[in-house]
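In terms of the numbering used here, the sequence shown opens at residue 8 and continues consecutively.
Here the structure is laid out as structure tokens; the discussion comes afterwards.
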Amino acid sequence: MNFAKQQVFLNHFFIKNLDQNARRVYRYTYEWKEYPDIGQEAKAVNRMCRDLLYSKGKVAIPWGNSILIQELVEDASKLEGDTWKLVNLGSPQEIILDCAEPNQRKALESIQRLRLRKVLESSARNSKNYDVQKGTDNSILLLKKSDPEIQREGWQVFKGLCCDVRVDAAANLYLEVDCQYHFHTPWNFQQWLEKYPHLPFSWLSNTYRTKDNQLLRWEYVRLDPEASPDSIFVAGCNKTLAEYHRDQGAKEDEITKSQVVYVRRRNSRNDKEVPHLSCRLTPSVTLEILSELRTTGDTKLQRAVDEVFQKIRIPVKDRLEAVQGVVEYLCKEHYKVAPPQGPVQKTGYQLPSAVFLAKDGQIVKGVNEIFKKGCAQVGEETFGFLNLDPTQPDCPPLIKECLDKLGKIHGKTLQLIPLQLPSPCQGLPTSELERQQLWRDWAEGGSGSDIRTALVMMPYSLEKQRIREEALGAGIATQFFTPENMNNSKVWNIILGLLCKAKWQPVYLQLRQDLAVAELIIGFDAGTDRSLFFGTSAFAILANGQSLGWELPIAQRGEKISGEAIKQIVLKLVGKFQKHKKCDPKKVLLLRDGLVWKEEFESTIQALEKKNIQVDILSVRKTGAGRVAQGNNYAAAPKGTVIFEPEERSFILVSSEPIKRKTDKLELGSARPLQVIHEYGDTPLDLLAVQTYHLAQLHPASAFSHARLPWVLHLAHLHSQEFARIKNFSLLDSIDRNKLIAV
């Protein structure tokens, strides 16, 4: 295909070529003194490698059923930990890692990353200005400990750095450096509860360190306002919660002012909930928390949060200039090479934008135009309306007007039927059985019509998830909203969410006749509730974006998805395609959010190819691609920019764009591109890039913006998160799989 060329820059900096000595590793095996729990083997091996790094000084990484160590160990049997020991099996196997092979290239990256982390940790200990932590994507975070950029009541904003390494197929080593902001709160959890009792905190940390200098992190479970620290006993030590914390050095006012909070350690073997003190905990402040503060706070608080958002949204030009110093330092002190003249320059291409079709195939510029031209596909015509806000007498007029207008476009009457409560002033009944019966009555016509989708108006409440699950148990999908700040933009998104849950399809993609794209696209994700993963969360669409619905996941111990489960789901969705199109698909595109393990898709590939169905598999990763700039002034690369890396069967795709200030169109921040790996199949990279980009632009549930991820992966991700919250999958037995329960 002929795409317009453009010169682009990545925040990657060339360091050196890794010769054979740098790529030489030794393979060792190990034995367990204490065998890990089923499903925890991978975590145990990672712990063993960390132990080797920090207590034995050996850079080690997992490698199948063995480990790789870069330094030769003369007598492996002398290396052991509390639960493991290395085994001597003759001479260790020497391997020169081949960077043309993806798994070996990733192994070399892991080794180089560990070496860099040790250098940065040593530097941080000497300077005492930074903490070094591991990022969620295995990157290295340098978190500043003093001089906050912004300080407001309850939180502080610090500027730091995120470092990582990249190795290409030619064994060239690159350093990736980016700006990274992090939040800190000087308040304890009790202070937050008193000031903002509604905030949905998920994670808490101790305000003190343990005897071995650990700062324990907990998952927040619940608050027990009726309990007293003097009446709750700590399991296993025959002491009250108050006595236990006195022994741990707590001050008396920390105990007397505290409420009892129940928390759990998700990453430990014992993840049972335990009591804690609210004054001895501090919450993790995140962007989500600040967003909630902005939504529910007063004007002064909104301005303070807006200041934070503008501060952390750094244009890509400023990012590239801000990291030059640390690149020069690492080149001089760690890598012993001359620093590069600037960031890596690549040839980029501009992909064509997607074209959307609304009612009767009309071309629309965006999803919001469906309120003028109608939807591509209609669904349910009757919706329930449940008012759980005692301050609001009725559904906002803008919502009713919008539904009436949309109904007229389609020649239908869209009904919003009020769902009557037994005691309107008191909300839903307190009895669980009464609530379940009430939802069943609404679903079975107790309100005058069978309700399968309901619009729920209520102020923010921790009861939202419980209400959602009770409705799902009766076969009803729910769209929640708060009645504050109603305007057209908010109403359109509320209505789109309602329609998608009621089996409407606002827009389709227009297919280009010159593209032999996959006819069936399936996205896979694995969500987690921190103790179990929920694999094979799948969502499927046709090439034009028409939904074929979602599939239930299976509970599993690790993030690796069962190959047999994937095969069964794919074959089931192929059956749906056959029913819809009266033929088999010629080509299927499978997208996996994150890393793909070879064995996950082997049986699926065999089953499809036996039916003469071509298959391509893409690993779509939200990290690892850095930032992309264009031109000598390092402006943000436009949406649709792609960088092909054919030697690695991959491409970097800018699928979104930075937010622009309304007043002067100044870019706030920069978009993070996707890294897409072609794991299997024969379809050319340029064709896969176009289809991936068009799928990323598709977002029928949003009137103005779209997600970074392709629609199938975005939906699979949202549904996997919802499944992790629900856990009891039997609640979903009566829900139509074509209803998008999480948008």
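Every residue gets a Cβ at the ideal spot worked out from N, C-alpha and C, and that includes glycine.
What number of angstroms, rounded off, separates the C-alpha of D671 from the C-alpha of Q119? Because the pLDDT at D671 is just 49, under 50, the model does not fix this residue reliably, and the value given afterwards should be weighed accordingly. When rounded, the distance between both Cα atoms is 43 Å.
When you compare only the Cα positions, how much space is there between A509 and G355? Going by the C-alpha atoms only, they are around 41 Å apart.
Alpha carbon to alpha carbon, how far is D171 from L426? For D171 and L426, the gap between their C-alpha atoms comes out near 54 Å.
Taking 8 Å as the cut-off, decide whether the C-beta atoms of L149 and L121 are in contact. Going by beta carbons, L149 and L121 fall outside the 8 Å limit.
Delimiting residues of the beta strand (DSSP E) encompassing Q158: From DSSP, the beta strand (DSSP E) with Q158 extends over 157-159.
Using only the alpha-carbon positions, how far apart do P397 and Q384 sit? Taking C-alpha positions only, P397 is separated from Q384 by approximately 35 Å.
Can you tell me which of the three DSSP states S430 falls into? Of the three classes helix, strand and coil, the one that applies to S430 here is strand, per DSSP.
Out of V627, E451, D237, V228, point me to the one whose CA is closest to G530's CA. Looking at the Cα atoms, V627 is the closest of the given residues.
Run of the alpha helix (DSSP H) containing Q585, from where it starts to where it stops: Unbroken alpha helix (DSSP H) run through Q585: 570-588.
Under the three-state DSSP convention, the category A361 falls into: Coil, per DSSP.
Spatial neighbours of K579 within its chain, please: CB distance less than 8 Å, with the 5 preceding and 5 following residues excluded, ordered by chain position. In its chain, beyond the 5 residues on either side, E558 have a beta carbon closer than 8 Å to the beta carbon of K579.
Are L421 and E388 closer than 8 Å when you measure CB to CB? Taking 8 Å as the Cβ cut-off, L421 and E388 qualify as a contacting pair.
Any idea if H721 is buried or exposed, counting beta-carbon neighbours within 10 angstroms, 16 or more meaning buried? When all chains shown are included, H721 counts as buried.
For W557, which beta-bridge partners are listed by DSSP? Looking at the DSSP output, W557 shares a beta bridge with F546.
Taking 8 Å as the threshold (C-beta atoms), are Y181 and F16 in contact? No; because the gap between Cβ atoms is not below 8 Å, this pair is not in contact.
DSSP three-state label for F608, please. Three-state result, F608: helix.
Use the C-beta contact count for E38: other C-beta atoms within 10 angstroms, 16 or more gives buried, fewer gives exposed. Looking at its Cβ environment, which holds fewer than 16 other Cβ atoms inside 10 Å, E38 is exposed.
Please determine, among P513, V228, G381, T192, the residue with the shortest C-alpha to C-alpha distance to S291. Looking only at P513, V228, G381, T192, the smallest Cα-Cα distance to S291 is reached by T192.
Taking DSSP as the reference, what is the three-state secondary structure of R537? Unreliable positioning characterises R537 in this predicted model, as indicated by a pLDDT of 45, which lies under 50. The coordinate reading is nonetheless provided below. Three-state result, R537: coil.
Quick one: what does DSSP say G167 is sitting in, helix, strand or coil? Reduced to three states, the DSSP call for G167 is strand.
Taking the continuous beta strand (DSSP E) assigned at C186, which residues delimit it? Note, C186: beta strand (DSSP E), 179-191.
G391, enclosing alpha helix (DSSP H) - first and last residue: In the DSSP annotation of this structure, G391 is not part of any alpha helix (DSSP H); the continuous beta strand (DSSP E) holding it starts and ends at 389-394.
Can you tell me the Cβ-Cβ gap for I612 and V603, rounded? I've got them flagged as a contact below 8 Å. Contact flag wrong, Cβ pair sits at about 12 Å.
Can you look up I302 in the DSSP assignment and give me helix, strand or coil? The residue you asked about is not Ile; residue 302 is Thr in the sequence shown. Secondary structure of T302 (DSSP, three-state): helix.
Select from G453, L681, H701 the residue whose C-alpha is nearest the C-alpha of R519. Looking at G453, L681, H701, the one whose alpha-carbon comes closest to that of R519 is H701.
Please go through the same chain and pick out, in chain order, the residues whose beta-carbon is closer than 8 Å to the beta-carbon of V595, but skip the five residues on each side of it. Counting only Cβ-Cβ distances below 8 Å, and skipping sequence neighbours, we find A525, E526, L527, I528, I529, V577, V581, L615, I620, Q621, V622, D623.
Just verifying my parser: in three-state terms, what is the DSSP assignment at W225? DSSP places W225 in strand when its eight states are reduced to three.
Who does Y467 pair with in a DSSP beta bridge? Its beta-bridge partners do not exist; DSSP assigns none.
Considering only their Cβ atoms, is the gap separating P707 from C409 smaller than 8 Å? No.
Less than 8 Å between the CB atoms is what I'm expecting for A484 and I742, so what's the real figure, rounded? That pair is a contact at about 7 Å.
When the Cα atoms are used, what is the spatial distance from L211 to K218? The alpha-carbon atoms of L211 and K218 are separated by roughly 19 Å.
When you compare only the Cα positions, how much space is there between Q444 and V463? Spanning the two alpha carbons is a distance of roughly 18 Å.
So, helix, strand or coil for G355, using DSSP? Under the three-state reduction of DSSP output, G355 falls in the strand class.
To which residues of the same chain is K618 closer than 7 Å at the C-beta, ignoring the five residues directly before and after it? Hits under 7 Å: D591.
Tell me, which residues are paired with L795 by DSSP? Only positions 8 to 750 of the chain appear in the structure, and residue 795 is not among them; the question remains open.
Separation of Q255 from L200, as counted between CA atoms: Pairing L200 with Q255, the inter-Cα distance amounts to about 23 Å.
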